[in-house]
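The next block holds one structure in the form of structure tokens; read it before the comments.
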Amino acid sequence: MIFNHELSPSQERNLEKLLQARVLDRTGLILDIFAQRARSFEGKLQVELAQLQPLSTRLVRGWTHLERQKGGIGLRGPGETQLETDRRLLANRIKQIHKRLEKVRSQRAQGRRARARAEVPAVSLVGYTNAGKSTLFNRLCDAGVYAADQLFAPLDPTLRRLELPGFGPVVLADTVGFVRQLPHELVAAFRSTLEETLEADLLLHVVDAHDPERQTRIEQVNEVLNAIGAGEVAQILVYNKSDLSAEPPHLVRDSEGRITRLWCSAVTGAGIGLLQQALGEFFLSDQVHGWLQLPASAGRLRAAIYRTGEVLQDIPDDVGGWWLEVRISARELETLYRGEGLDCVLRPDREPLRVAGAAQAP
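Residue numbers (my numbering): 829 to 1190.
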């Protein structure tokens, strides 16, 4: 008997006694599906952790078949002793899993720091389960990720390099699908797989365009994103499976000209060019082009600008400094200047950029 709600341990026990059948609540069903989908070492650890955490409260009266000892004060029966032993073993196993997951988490963080040093932006595919994220991921990156018409088909996150025309490389991450009323303990146990979403520069929110409840699904995914702290990350809505709906592939822009929604089909490939265009526009919109005047003491800043952006011209000035014509991310430029304790003035009309207080361009 499966219940579409969370049940307390006592409710499960009473229902099983009444129905004479195994009782499974919503959380238990999700965990069973996760256990079948987990393939990597990290995914299996996370499933085991999510299964063990609620198990300690379900050990009560699990050993009633053992004979309870009779006797003096302070004596305990074998059933009570076995419960304490099981709880201790569970606690030790949970502690071991936490340590292993922390090691995996630190390795992922190291990989993200390396990508940050290389200034490679990150894009994460998010969305309701079975919206077609993995199929879209395979279409964009030719990744060969397992994709099927089933819930939580890919459980483990997969990262691939994607070359955007006119911009360069980005890292695309395929993440686990969300589901409404996702239990809080699952969100906590699978937080490391969702860290790719937290650290992303852009979220591609994949929606099943053929789903009559798509608007509700969008709201449910946004609720989960807010729960894990990713509600403020920039989003583009990608309505997948347009071949099954009446909407042809097209783009929708907001009042400022930014792409906010698009329709495509990962199966047929229709509209994939529009998706690549949207990604390129998003990352190129942060690019600025102009001149910077660096003093002679800013050699480290000059080297950082060479690593981060594109230097079109490098002209020495009369006092030992440099004039640089650059094309670079405005956000990264501000970060570099703040790190050196300098101010960078970005003109709205993109006239030559100057350090505050610097001499005028010759």
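Ideal Cβ positions, reconstructed from N, Cα and C, are used throughout, including at glycine. Only a predicted model underlies this, so the values are computations on that prediction, with no experimental measurement involved.
- [ ] Output the boundary residues of the beta strand (DSSP E) element that contains T986.
- [x] That run of the beta strand (DSSP E) goes T986 to L992.
Task: From P1077, E1041, P997 and D1029, residue whose alpha carbon lies closest to that of A1062 - done: D1029 is the residue among P1077, E1041, P997 and D1029 whose C-alpha sits nearest the C-alpha of A1062.
Task: At least three beta-carbon pairs within less than 8 Å, the stretch 1087–1100 to the stretch 1132–1151 - done: At 8 Å Cβ cutoff, the stretches do not touch.
TODO: Tell me where the alpha helix (DSSP H) around I858 begins and ends.
DONE: DSSP places I858 inside the alpha helix (DSSP H), whose first and last residues are R854 to R865.
Task: Contact check, G1195 vs V1007, beta carbons under 7 Å - done: Lying before the first or after the last residue shown, residue 1195 is absent from the chain, which here runs from 829 to 1190.
Open item on the list: Going by DSSP, what residue range makes up the alpha helix (DSSP H) through T1044?
Closed with: For T1044, the enclosing alpha helix (DSSP H) stretches over residues R1042 to A1055.
Open item on the list: Less than 8 Å between C-beta atoms, sequence neighbours within five positions excluded: which residues of the same chain meet that for L992?
Closed with: In chain order, V998, Q1104, L1107, G1108 and F1111 place their CB closer than 8 Å to the CB of L992, counting only its own chain and leaving out the 5 sequence neighbours on each side.
Task: Three or more C-beta pairs below 8 Å linking the stretch 947–967 and the stretch 910–924 - done: Short answer: they don't touch.
Task: Per-residue DSSP class, three states only, for D1142 - done: Here D1142 sits in strand by DSSP.
Task: Local conformation of N842 per DSSP, three classes - done: The answer is helix: DSSP assigns N842 an H, G or I state.
Task: Element boundaries [alpha helix (DSSP H), containing T1088] - done: Not the alpha helix (DSSP H): T1088 falls in the beta strand (DSSP E), residues I1087 to W1091.
TODO: Indicate whether V1154 and L1122 have their beta-carbon atoms separated by less than 7 Å.
DONE: It is not a contact, given that the beta carbons lie outside the stated cut-off.
Task: Backbone secondary structure at N920 - three-state DSSP - done: In the three-state scheme derived from DSSP, where H, G and I count as helix and E and B as strand, N920 is classed as helix.
Task: Top-ranked residue by Cα proximity to D970, from R1086, T986 and N958 - done: Considering only alpha carbons, the answer is T986.
TODO: Keeping to the same chain, check which residues put their C-beta closer than 8 Å to that of S1070; ignore five residues upstream and five downstream.
DONE: Correct list, in chain order: A1037, P1076, P1077, W1091, C1092, S1093, A1098 and G1099.
Open item on the list: Need the endpoints of the alpha helix (DSSP H) that E870 sits in, please.
Closed with: Element bounds for E870: F869 to L880.
Task: Spatially closest choice to G1127 from T1088, E1162, I1087 and E1168, by CA coordinates - done: Checking every option, the nearest Cα to that of G1127 belongs to E1168.
TODO: With distances taken Cα to Cα, identify the nearest neighbour of L880 among D860, V1052 and F869.
DONE: Ranking the options by Cα distance to L880, first place goes to D860.
- [ ] On the DSSP bridge assignment, give the partners of H833 in chain order.
- [x] Residue pairing for H833: DSSP places it in no beta bridge.
- [ ] State the DSSP-derived secondary structure class of V1007, mapped to helix, strand or coil.
- [x] In the structure shown, V1007 falls within a coil segment according to DSSP collapsed to helix, strand and coil.
Task: Where the beta strand (DSSP E) containing Q1121 begins and where it ends - done: Taken as a continuous stretch (DSSP letters only), the beta strand (DSSP E) holding Q1121 covers Q1115 to L1122.
Open item on the list: Restricting to Cα atoms, I'd like to know which of A1001, G996 and F995 is closest to R988.
Closed with: R988 has its Cα closest to that of A1001, out of A1001, G996 and F995.
- [ ] For H1033, name the three-state secondary structure that DSSP assigns.
- [x] In this structure, H1033 counts as strand in the three-state DSSP scheme.
- [ ] Would you kindly work out how many angstroms separate the C-alpha atoms of G1118 and G1149, rounded to a whole number?
- [x] Rounded to the nearest angstrom, the two C-alpha atoms are 17 Å apart.
Open item on the list: Excluding the 5 residues flanking F995 on each side, which residues of the same chain have their C-beta closer than 6 Å to its C-beta?
Closed with: Only G1108, F1111 and L1112 meet the Cβ criterion.
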